[in-house]
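J.:
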Amino acid sequence: MSREFVLGVDHGTGGCKVTCLRSDGKVVSEAYAPYHSFYPQERWVEQDPDHWIESAVKACQEVLSKFTADERKKVKGIGFSAPHHVAVLLNKNEQVIRNPIMWNDQRSGDESQELSERYGERIFELTSNAPTPTWTLCHLRWIQKNEPKAFQNIRHILLMKDYVRYRFGGEMATDYIEAEGTLLYNINKQEWSEELCGLISLNSDVLPNICDPMEQSGELIPEMAEALNLPPGIPIIIGVPDTAAEIYGSGVVSEKSGLVKLATAGNFSISTQNKVRNSKITTYHHVINNLYYQNSATNFAASSYRWFKEGFLKETEGDASHDSVYNIMNKKMEYISPGSEGLIFHPYLNGERSPHWDPYLKGSFFGITARHSRKHFARAILEGVGYSIRDASDEFPFDVNSPLKIIGGGSKGELWVQIMANIMNNEMEVPQNSDSSFGTCLIVATSVGWFECLKEATENAQKIVYRATPKKDAVNKYNELFEIYREFYNNTKDLSHKLTNIQERI
Numbered sequence: 002m003s004r005e006f007v008l009g010v011d012h013g014t015g016g017c018k019v020t021c022l023r024s025d026g027k028v029v030s031e032a033y034a035p036y037h038s039f040y041p042q043e044r045w046v047e048q049d050p051d052h053w054i055e056s057a058v059k060a061c062q063e064v065l066s067k068f069t070a071d072e073r074k075k076v077k078g079i080g081f082s083a084p085h086h087v088a089v090l091l092n093k094n095e096q097v098i099r100n101p102i103m104w105n106d107q108r109s110g111d112e113s114q115e116l117s118e119r120y121g122e123r124i125f126e127l128t129s130n131a132p133t134p135t136w137t138l139c140h141l142r143w144i145q146k147n148e149p150k151a152f153q154n155i156r157h158i159l160l161m162k163d164y165v166r167y168r169f170g171g172e173m174a175t176d177y178i179e180a181e182g183t184l185l186y187n188i189n190k191q192e193w194s195e196e197l198c199g200l201i202s203l204n205s206d207v208l209p210n211i212c213d214p215m216e217q218s219g220e221l222i223p224e225m226a227e228a229l230n231l232p233p234g235i236p237i238i239i240g241v242p243d244t245a246a247e248i249y250g251s252g253v254v255s256e257k258s259g260l261v262k263l264a265t266a267g268n269f270s271i272s273t274q275n276k277v278r279n280s281k282i283t284t285y286h287h288v289i290n291n292l293y294y295q296n297s298a299t300n301f302a303a304s305s306y307r308w309f310k311e312g313f314l315k316e317t318e319g320d321a322s323h324d325s326v327y328n329i330m331n332k333k334m335e336y337i338s339p340g341s342e343g344l345i346f347h348p349y350l351n352g353e354r355s356p357h358w359d360p361y362l363k364g365s366f367f368g369i370t371a372r373h374s375r376k377h378f379a380r381a382i383l384e385g386v387g388y389s390i391r392d393a394s395d396e397f398p399f400d401v402n403s404p405l406k407i408i409g410g411g412s413k414g415e416l417w418v419q420i421m422a423n424i425m426n427n428e429m430e431v432p433q434n435s436d437s438s439f440g441t442c443l444i445v446a447t448s449v450g451w452f453e454c455l456k457e458a459t460e461n462a463q464k465i466v467y468r469a470t471p472k473k474d475a476v477n478k479y480n481e482l483f484e485i486y487r488e489f490y491n492n493t494k495d496l497s498h499k500l501t502n503i504q505e506r507i
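Start counting the sequence shown at 2; every next residue gets the next number (this note's numbering).
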């Protein structure tokens with residue numbers, strides 16, 4: 002049988018990753034092309050959509066660089082994923098009106114509070130989610146208030162992955178999971194809500210048609226085919242948001258199975274047949290029928306460690322831009338006992354999401370003494386992110402099944418995986434392939450007929466490469482420190498708000 006291929010194109014917060022999956026279930030090539038964010042003001046985060054397209058083309062070209070002419074003809078589908086909530090606003094000429102506001106932007110704190118106070122119960126009733134600065138509805142309300150001309154010029158709204166797919170395939174559409182991330186979609190009726198659009202005087206006609214994630218949405222247009230040296234007409238598949246692709250691709254496809262993600266942000270996710278009604282967690286349909294996935298999340302996970310590396314390690318650890326710095330620090334941290342000798346880190350470097358949903362929280366190190374060195378601070382960061390994810394996970398009223406899958410850049414370090422196993426008191430499993438581009442490949446592969454169903458695809462393609470089991474002594478110690486972590490937050494959250502007020506007056 003002749004081998005065929007599919008491509009999964011994932012745009013993350015910092016770059017585009019493309020994975021090529023072969024019809025025997027093997028990943029044959031991967032590539033990554035970075036791009037950057039803009040920070041015009043404190044708590045603001047934006048990106049340029051043209052950079053997404055440039056990075057996608059570059060990563061696809063690299064993935065296909067060793068393909069023969071015959072192999073290029075056997076690429077049978079391309080699918081897409083990207084973060085929730087990121088709206089690309091287009092005018093009547095289908096041109097981008099302004100740089101998109103990213104999911105981790107916190108500028109719409111006042112707008113989310115306004116929507117919560119006036120319509121919060123109704124929004125939650127229709128969407129199973131609550132307004133916060135993360136959601137598209139709040140971003141649009143901010144634009145309506147602060148950039149009215151831009152708001153008035155909106156003729157089309159596409160979400161991040163859908164805009165990239167539109168540039169590849171020429172058709173505007175979205176999937177129901179992506180739509181749920183806008184707070185403009187009725188999760189019960191599974192349709193755009195005129196009532197929710199009316200809260201910000203938005204014409205629902207500007208929103209895209211809603212499709213199944215496995216549906217085709219156009220074909221590879223000649224311009225893109227030429228850039229990638231592929232034949233035009235390759236099916237373009239709708240896809241899903243990145244978290245949905247990760248959860249599915251990692252094998253979290255049964256009731257009460259769970260996942261921890263240590264990437265730019267951190268996530269704790271559970272698959273469930275029955276929605277937990279809690280405004281502090283987020284709720285979406287799973288790509289697997291009759292399941293939901295529910296999330297709690299922290300804004301700064303692996304990015305906390307990256308912040309520390311770039312700001313504090315260069316002088317003593319060599320070139321701070323080099324990945325080996327992480328390896329050097331990981332070896333040093335192994336000799337630091339659990340708890341970092343009383344040093345506790347709160348990773349609120351850009352406000353916080355679950356369970357606090359407070360854009361004004363400030364990060365901190367607590368318990369500093371003269372005996373603490375860089376390696377103590379580094380380990381405290383890994384532990385602080387773990388406390389934050391545990392804090393978020395406690396919003397669920399039931400225990401998740403063991404083991405938990407753990408993914409993201411942080412899962413590549415065995416030390417951090419062990420720390421998470423101890424803090425969460427749960428066995429951790431690291432899947433061989435876990436990023437969104439891989440999950441997207443499986444969706445495309447199922448769409449083009451390689452597998453009978455989505456569940457079969459992930460069960461056949463996924464393998465576990467590493468396991469960590471909790472160690473009792475460390476679990477007990479972390480339980481005590483976690484209570485201090487929580488108490489410190491409760492005693493200092495008002496100070497974060499006061500500090501923000503002072504900063505804004507200066």
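Backbone N, C-alpha and C fix where the C-beta goes; we use that ideal spot for every residue, glycine too.
Measuring CB to CB, does V254 end up less than 8 Å from S272?
T.: Mapped onto the sequence shown, residue 254 falls at position 253. Mapped onto the sequence shown, residue 272 falls at position 271. In contact: V254 and S272 (Cβ atoms closer than 8 Å).
J.: Are the beta-carbon atoms belonging to P471 and E430 less than 8 Å from one another?
T.: Within the sequence shown, the letter at position 470 stands for residue 471. Within the sequence shown, the letter at position 429 stands for residue 430. No, the Cβ-Cβ distance between P471 and E430 is not below 8 Å.
J.: P432: buried (16+ other C-beta within 10 angstroms of its C-beta) or exposed?
T.: Along the sequence shown, read from residue 1 onward, the residue named residue 432 stands at position 431. P432 comes out buried.
J.: Does the contact criterion of 3 or more C-beta pairs under 8 Å hold for the region 335–343 versus the region 472–479?
T.: Short answer: they touch.
J.: On the three-state DSSP scale, how would you describe E256?
T.: Here residue 256 corresponds to residue number 255 of the sequence shown, with the count starting at 1. Of the three classes helix, strand and coil, the one that applies to E256 here is coil, per DSSP.
J.: What does a CB cutoff of less than 6 Å around S1 pick up in its chain, not counting 5 residues either side in sequence?
T.: As shown, the chain starts at 2 and ends at 507. That puts residue 1 outside it, with no answer to give.
J.: Going along the chain, which unbroken runs of the beta strand (DSSP E) with 3 or more residues stay wholly within the region 276–344?
T.: Entirely contained in the region 276–344, the beta strand (DSSP E) runs reaching 3 residues are, in chain order, 283–286, 293–299.
J.: Relative to the C-alpha of N328, which candidate in N105, P360, W417, E196 has its C-alpha closest?
T.: Position 327 of the sequence shown, counting from 1, holds the residue named residue 328. Of N105, P360, W417, E196, the residue nearest in Cα terms is W417.
J.: Tell me the rounded alpha-carbon separation between A321 and A226.
T.: Translated into the one-based positions of the sequence shown, residue 321 becomes position 320. Translated into the one-based positions of the sequence shown, residue 226 becomes position 225. Confidence at A321 is low in this model, with a pLDDT of 49, below 50, so the placement of that residue should be treated as unreliable; the coordinate-derived value is given next. Cα to Cα, A321 sits roughly 38 Å from A226.
J.: Considering only C-alpha positions, which residue in the set G13, R156, G26 is nearest to M103?
T.: On the sequence shown, position 102 is the one that residue 103 refers to. Of G13, R156, G26, the residue nearest in Cα terms is G13.
J.: Could you give the DSSP three-state label for S270: helix, strand or coil?
T.: If you number the sequence shown from 1, residue 270 lands on position 269. Three-state DSSP puts S270 in a strand.
J.: Note down, in chain order, each residue of its chain lying with its Cβ closer than 6 Å to the Cβ of V64, except the 5 sequence neighbours on either side.
T.: As a working note, residue 64 is residue 63 in the sequence shown. The residues are V19, C21, S30, A32.
J.: Hey, how far is the Cα of A131 from the Cα of F169?
T.: If you number the sequence shown from 1, residue 131 lands on position 130. If you number the sequence shown from 1, residue 169 lands on position 168. If I take the Cα positions, the gap works out to 33 Å.
J.: Express the C-alpha separation of M334 and K93 in angstroms, rounding to a whole number.
T.: By one-based count along the sequence shown, residue 93 stands at place 92. By one-based count along the sequence shown, residue 334 stands at place 333. Each residue's Cα considered, the two are about 55 Å apart.
J.: Determine the extent of the alpha helix (DSSP H) in which D495 is found, giving its start and end residues.
T.: Position 494 of the sequence shown holds residue 495. Run containing D495: 473–506, per the alpha helix (DSSP H) assignment.
J.: For G78, count neighbouring C-beta atoms within 10 Å of its own C-beta (all shown protein chains included) and say buried if the count is 16 or more, exposed if not.
T.: Walking along the sequence shown from the start, residue 78 turns up at place 77. Buried, since its Cβ has 16 or more Cβ neighbours within 10 Å.
J.: Could you check what DSSP says for F68 in three-state terms: helix, strand or coil?
T.: Numbered from 1 along the sequence shown, position 67 holds the residue referred to as residue 68. In the structure shown, F68 sits in coil (DSSP, three-state: anything other than H, G, I, E or B).
J.: Quick one, are the C-beta atoms of G385 and H347 less than 8 Å apart?
T.: Taking the sequence shown and counting its residues from 1, one reaches residue 385 at position 384. Taking the sequence shown and counting its residues from 1, one reaches residue 347 at position 346. A contact, by the Cβ cut-off of 8 Å.
J.: Could you spell out where the beta strand (DSSP E) holding T441 opens and where it closes?
T.: As a first step, residue 441 must be located in the sequence shown, where it is residue number 440. It is not in any beta strand (DSSP E) - T441 instead sits in the alpha helix (DSSP H) that spans 437–448.
J.: With a floor of 3 residues, list each beta strand (DSSP E) that falls wholly inside the region 163–251, ordered by position along the chain.
T.: Taking only runs of at least 3 residues, the beta strand (DSSP E) segments lying wholly in the region 163–251 are 217–220, 236–238.
J.: Would a C-beta distance cut-off of 8 Å place V76 and L8 closer than the cut-off?
T.: Stepping through the sequence shown from its first residue, residue 76 is reached at position 75. Stepping through the sequence shown from its first residue, residue 8 is reached at position 7. Yes; because the gap between Cβ atoms is below 8 Å, this pair is in contact.
J.: On a Cα-Cα basis, can you pick out the residue from N290, I369, E95 that is closest to N275?
T.: Here the question's residue 275 lines up with position 274 in the sequence shown. Comparing Cα positions, the closest option is N290.
J.: Assuming R44 and N351 form a contact by the criterion Cβ under 8 Å, report the distance between their Cβ atoms to the nearest whole angstrom.
T.: As a working mapping, residue 44 is identified with position 43 in the sequence shown. As a working mapping, residue 351 is identified with position 350 in the sequence shown. Between N351 and R44 the Cβ distance is about 7 Å, and since that is below 8 Å, they are a contact.
J.: What are the residues that DSSP puts in a beta bridge with F367?
T.: Walking along the sequence shown from the start, residue 367 turns up at place 366. According to DSSP, F367 bridges with I345.
J.: Using the Cα positions of M161 and M330, report the straight-line distance between them to the nearest angstrom.
T.: Position 160 of the sequence shown, counted from the first residue, corresponds to residue 161. Position 329 of the sequence shown, counted from the first residue, corresponds to residue 330. For M161 and M330, the distance between alpha carbons rounds to 35 Å.
J.: Taking the DSSP output, what are the residues bridged to H157?
T.: The residue given as residue 157 occupies position 156 in the sequence shown. Its beta-bridge partners are L91.
J.: Can you tell me whether DSSP reads A264 as helix, strand or coil?
T.: Counting from one through the sequence shown, the residue named residue 264 turns up at place 263. Of the three classes helix, strand and coil, the one that applies to A264 here is coil, per DSSP.
J.: Below 8 Å, can you find three or more Cβ-Cβ pairs linking the region 233–247 to the region 434–449?
T.: Yes, the region 233–247 is in contact with the region 434–449.
J.: Measuring alpha carbon to alpha carbon, tell me which residue in M425, D11, N434, E453 is nearest G240.
T.: In the sequence shown, the residue the question calls residue 240 occupies position 239. With distances taken between Cα atoms, G240 lies closest to D11.
J.: Quick check on M103: does DSSP put it in helix, strand or coil?
T.: Here the question's residue 103 lines up with position 102 in the sequence shown. M103: coil per DSSP, three-state reduction.
J.: Is the separation between the beta-carbon of S497 and that of Y361 shorter than 8 Å?
T.: Against the sequence shown, residue 497 aligns to sequence position 496. Against the sequence shown, residue 361 aligns to sequence position 360. Result yes, Cβ atoms of S497 and Y361 sit closer than 8 Å.
J.: Identify whether L405 lies in helix, strand or coil by the three-state DSSP scheme.
T.: Indexing the sequence shown from 1 puts residue 405 at position 404. In the structure shown, L405 sits in a strand (DSSP, three-state: E or B).
J.: From S412 to N434, what distance separates their C-alpha atoms?
T.: Here residue 412 refers to the residue found at position 411 when the sequence shown is read from its first residue. Here residue 434 refers to the residue found at position 433 when the sequence shown is read from its first residue. If I take the Cα positions, the gap works out to 11 Å.
J.: Should H37 and I178 be called a contact, given that it needs their Cβ atoms to be closer than 8 Å?
T.: Within the sequence shown, the letter at position 36 stands for residue 37. Within the sequence shown, the letter at position 177 stands for residue 178. No, these two residues do not count as a Cβ contact at 8 Å.
J.: Please classify R166: is it buried, with 16 or more other beta-carbons within 10 angstroms of its beta-carbon, or exposed?
T.: Here residue 166 refers to the residue found at position 165 when the sequence shown is read from its first residue. Flag for R166 reads buried.
J.: Mind reading off the beta-carbon distance from F399 to K257? Whole number of angstroms is fine, and I expect it under 8 Å.
T.: Residue mapping note: residue 399 aligns to position 398 of the sequence shown, counting from 1. Residue mapping note: residue 257 aligns to position 256 of the sequence shown, counting from 1. Confirmed, about 7 Å.
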